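See below for the structure under consideration.
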Amino acid sequence: MDSTIILDVRHLQQEFHINKELTIKAIDDVSFTIEKGKIFGLVGETGSGKSTIARTVMGIYPPTNGEVHFKGNMISNKKRFRDNKNYTRRNIQIIFQDSAAALNPRMTVAKIIAEPLKINNIVKGKKELEKKIDSLLLQVGLDSSFKSKYPDEISGGQRQRVAIARCIGMEPDLIIADEPIASLDISIQAQIVTLFQQLQREYGFTFLFIAHDLSIIRFISDTVGVMLHGKMMEMAPTKELFENPLHPYTKALLSAVPVPDPIYERNKEILLYDVASLPVDGDMIEVSPGHFVYQ
Amino acid sequence: MINKAILQLKNLSISFDTPNGEVEAVRNVNLSLQKGEILAIVGESGCGKTVLSQSVLKLLPKTSNIKNGQIFVEGEDITHYKEKKMRNLRGSVLSMVFQDPMTTLNPTIPIGKQITESILKHKRVSREEAKERAIEMLELVGIDDPIYRFNLQPHFFSGGMRQRCVLAIALASDPKILFADEPTTSLDVTVQAKILDLLLDIRDKTGISIVFISHDLGVVARIADKVAVMYAGKVVEMGTAEEVFYDPCHPYTWGLLGALPSSTIEGENLKSIQGMPPVMLDPPPGDAFAVRNEYALKIDYAEMPPMFQITQTHFAATWLLDERAPIVKPPISLKRR
Numbered sequence: 407m408d409s410t411i412i413l414d415v416r417h418l419q420q421e422f423h424i425n426k427e428l429t430i431k432a433i434d435d436v437s438f439t440i441e442k443g444k445i446f447g448l449v450g451e452t453g454s455g456k457s458t459i460a461r462t463v464m465g466i467y468p469p470t471n472g473e474v475h476f477k478g479n480m481i482s483n484k485k486r487f488r489d490n491k492n493y494t495r496r497n498i499q500i501i502f503q504d505s506a507a508a509l510n511p512r513m514t515v516a517k518i519i520a521e522p523l524k525i526n527n528i529v530k531g532k533k534e535l536e537k538k539i540d541s542l543l544l545q546v547g548l549d550s551s552f553k554s555k556y557p558d559e560i561s562g563g564q565r566q567r568v569a570i571a572r573c574i575g576m577e578p579d580l581i582i583a584d585e586p587i588a589s590l591d592i593s594i595q596a597q598i599v600t601l602f603q604q605l606q607r608e609y610g611f612t613f614l615f616i617a618h619d620l621s622i623i624r625f626i627s628d629t630v631g632v633m634l635h636g637k638m639m640e641m642a643p644t645k646e647l648f649e650n651p652l653h654p655y656t657k658a659l660l661s662a663v664p665v666p667d668p669i670y671e672r673n674k675e676i677l678l679y680d681v682a683s684l685p686v687d688g689d690m691i692e693v694s695p696g697h698f699v700y701q
Numbered sequence: 007m008i009n010k011a012i013l014q015l016k017n018l019s020i021s022f023d024t025p026n027g028e029v030e031a032v033r034n035v036n037l038s039l040q041k042g043e044i045l046a047i048v049g050e051s052g053c054g055k056t057v058l059s060q061s062v063l064k065l066l067p068k069t070s071n072i073k074n075g076q077i078f079v080e081g082e083d084i085t086h087y088k089e090k091k092m093r094n095l096r097g098s099v100l101s102m103v104f105q106d107p108m109t110t111l112n113p114t115i116p117i118g119k120q121i122t123e124s125i126l127k128h129k130r131v132s133r134e135e136a137k138e139r140a141i142e143m144l145e146l147v148g149i150d151d152p153i154y155r156f157n158l159q160p161h162f163f164s165g166g167m168r169q170r171c172v173l174a175i176a177l178a179s180d181p182k183i184l185f186a187d188e189p190t191t192s193l194d195v196t197v198q199a200k201i202l203d204l205l206l207d208i209r210d211k212t213g214i215s216i217v218f219i220s221h222d223l224g225v226v227a228r229i230a231d232k233v234a235v236m237y238a239g240k241v242v243e244m245g246t247a248e249e250v251f252y253d254p255c256h257p258y259t260w261g262l263l264g265a266l267p268s269s270t271i272e273g274e275n276l277k278s279i280q281g282m283p284p285v286m287l288d289p290p291p292g293d294a295f296a297v298r299n300e301y302a303l304k305i306d307y308a309e310m311p312p313m314f315q316i317t318q319t320h321f322a323a324t325w326l327l328d329e330r331a332p333i334v335k336p337p338i339s340l341k342r343r
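If you're matching them up, the sequences are chains A and B in order.
Heads up: the first sequence begins at 407 in our numbering, then just goes up one per residue.
Heads up: the second sequence begins at 7 in our numbering, then just goes up one per residue.
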């Protein structure tokens, strides 16, 4: 296997059994790969299965079918996962949307960041730990005065920075960011997005970046996958996807993105996509190098 | 002007009493809204957008007080209206839609009943007539098969449909002014576009005036006739949508526009506004934005800039517009496309 491929998801299926009659197909035959140092953006509407993919890759849900390979190691297999549990858990980290819920309200910022460092024996001794926390805070743009603060004493943007600091402290190979900026103000969104880019550039982190905001995805990712009802509709390099969208759903989604230009906006026609016209047993077809469309 | 405006705020200041002292949430705001007009209020969280709109409906907690200024609705001064009089206004003249439809709706009561409730409160109609009207409203907001859905509880509906139901309640008793406080923030882009078009459509059909609160400038561009940009409780720039988007004059507006990925040139960094909005416990003597403003002048720290008039409808509060100020060009990425 190619060593530069960090994450390889093959024909992933995830079903949830609600009761005897009802089974929900949350992910239906999704395949994609992420190379080292790249940002893969995943977009789709609510309920399209984006977060389920994140959770399945994290190993929170065992997949119904299909394979998840992390650095050549098939982590979707229970036994293979167990053998490399500590390594895998440490090297895939996740950042959630709601930073207030992701951070323990009874722990100070320093304790929050220190916890995984201690558990994984990344630092030895108190002095080194303090130094590491300081440098991590610095990396995410906070100073050491935040160490003694509790999550409810700091703003949403700062909380998200703390969550990022906790995550990058593990020096993970893959960071899954599940709507990390959806609940933030625009100016703060810009700050956090800039931070992600800076981290990627300086430390070469690999991201699976999930968002419903296409303009952010366009800005940050190298490759984009568009999801609908658990299926991947279109997948292409960012530039190709935004300049030459082929699937009608992608076109509809792109037309709905608001643009800060009143005259253009008022005259813009928003395309609609009829979900009923979605073929049941389509396949991803490569129309041009790296550009896949569901047909 | 004064007679025509359906809503007018004059020098409105609102403050909150807190254990740490007085917080000025809204400072000296002047706004007017004409019939059938959509006014968008934009700004970061904590800049006073919501307080401003809630003050008109008098939904603010008891710790707040109107320190100064007046609120006129249809030419009448409602600044000191008591709760009893306000109740008659709410729903029938003033109405509000909030961000989260799930907390607005009662999860245990069918949608139809929640709509008829507001109709029965404000209009002298029989139950049957109210029901008819409610079904009509559901149709207006674009819900298919309203007769069947009339009896369903909110959890049967998707997020976008719930927001439509909330709109139906808000519009049920023919209000003159609708306050929409981030009504599309929690929705998907495709659903958001539909709700925005629905609001425009309702405006065209009923001639309602809308105060639209948002932090998304893209959304505002689609819907607004007039835009007011707020910062630290003050309106810092106000004008028609074209003026504010194509010829922004206040550095804060530049910052807001520049923070959007779509106005950034490929390969460049996002231009975020550094720092945080100030805490209004102890407002600085000068321009509250000065500390975050890379174009700040010395006078910005000492004295509050007045509203400079640029055109008939376009105003901005920044010393950069003073004739003594150096000429500063707004960042290139904001040029008209």
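From the three backbone atoms N, C-alpha and C, an ideal C-beta is built for every residue, glycine too.
Bear in mind that the values here come from a model prediction, so they are computed numbers and not experimental data.
Supposed close pair residue i, residue j - CB separation, criterion 8 Å
| i | j | result |
| --- | --- | --- |
| B/Phe185 | B/Leu63 | 7 Å |
| A/Thr514 | A/Lys485 | Rounded, the Cβ-Cβ distance is 39 Å, inconsistent with contact. |
| B/Val16 | B/Asn36 | One detail in the question is off: residue 16 of chain B reads as Lys in this sequence, not Val. Confirmed, Cβ separation roughly 6 Å. |
| A/Arg461 | A/Pro578 | The Cβ separation is near 16 Å, so there is no contact. |
| B/Val242 | B/Phe295 | 7 Å |
| A/Thr436 | A/Lys637 | With the sequence shown as reference, residue 436 of chain A is identified as Val, and Thr is not the correct amino acid for it. That belief holds up - the Cβ atoms of A/Val436 and A/Lys637 are roughly 7 Å apart, short of 8 Å. |
| B/Pro290 | B/Pro284 | 7 Å |
| B/Leu95 | B/Val79 | 7 Å |
Proximity below 7 Å, CB of residue i to CB of residue j
| i | j | result |
| --- | --- | --- |
| A/Ile587 | A/Ile574 | no |
| B/Ile201 | B/Thr212 | no |
| A/Asn471 | A/Asn479 | no |
| A/Val529 | A/Lys538 | yes |
| A/Ala432 | A/Phe422 | yes |
| B/Ile175 | B/Ser124 | yes |
| A/Leu542 | A/Ile519 | yes |
| B/Thr319 | B/Pro311 | no |
| B/Asp187 | B/Ile219 | yes |
| A/Ile412 | A/Leu580 | yes |
| A/His697 | A/Ala642 | yes |
| B/Asp231 | B/Ile44 | yes |
| A/Val693 | A/Val449 | no |
| A/Ser627 | A/Thr612 | no |
| B/Leu337 | A/Ile622 | Note that residue 337 of chain B is Pro in the sequence shown here, rather than Leu. Contact flag unset, no. |
| B/Ala227 | A/Pro668 | yes |
| A/Leu548 | A/Arg567 | yes |
Per-residue burial, residue i [other beta carbons within 10 Å of its own, 16 or more giving buried]
| i | result |
| --- | --- |
| A/Arg672 | exposed |
| A/Ile430 | exposed |
| A/Val463 | buried |
| B/Ser132 | exposed |
| A/Tyr679 | buried |
| B/Asn34 | buried |
| A/Pro685 | exposed |
| B/Lys182 | buried |
| B/Ile153 | exposed |
| B/Leu287 | exposed |
| A/Leu544 | exposed |
| A/Met407 | Any reading at A/Met407 must be qualified, since the residue scores a pLDDT of 46, below 50, and its modelled position is unreliable; the value itself is stated next. By the neighbour-count rule (16 or more Cβ atoms within 10 Å), A/Met407 is not buried but exposed. |
| B/Gln120 | buried |
| A/Lys456 | buried |
Chain-order list of residues whose beta-carbon lies under 7 Å from that of residue i (same chain, five-residue window excluded)
| i | result |
| --- | --- |
| B/Leu158 | Pro116 and Ile117 |
| B/Thr85 | Ile72, Gln76 and Ile77 |
| B/Tyr301 | Pro257, Leu326 and Val334 |
| B/Gly97 | Ser124, Lys127, His128, Ser179 and Pro181 |
| A/Phe625 | Val599 |
| A/Glu441 | Thr410, Ile411 and Ile412 |
Residues near residue i in its chain [Cβ-Cβ closer than 6 Å; skip 5 each side]
| i | result |
| --- | --- |
| B/Phe321 | Met244, Met313 and Gln315 |
| B/Gly165 | Leu193 |
| B/Ser214 | Ser is not the amino acid found at residue 214 of chain B; the sequence shown has Ile there. Counting only Cβ-Cβ distances below 6 Å, and skipping sequence neighbours, we find Leu184. |
| B/Gly281 | Arg298 |
| A/Thr629 | Phe446 and Pro643 |
| A/Tyr655 | Leu634, Met639 and Tyr679 |
Cβ neighbours of residue i in the same chain (closer than 8 Å, five flanking residues each side left out)
| i | result |
| --- | --- |
| A/Arg512 | Tyr556 |
Validate contact between the region 466–484 of chain A and the region 647–657 of chain A using beta carbons, cut 8 Å, 3 pairs: no
Cβ contact (3+ pairs, closer than 8 Å) linking the region 236–254 of chain B and the region 43–50 of chain B: yes
The region 18–29 of chain B touching the region 68–80 of chain B, judged by at least three CB pairs closer than 8 Å: yes
Contact the region 103–123 of chain B vs the region 168–175 of chain B: 3+ CB pairs below 8 Å: yes
Touch test, the region 576–593 of chain A against the region 494–506 of chain A, Cβ-Cβ under 8 Å, three pairs minimum: yes
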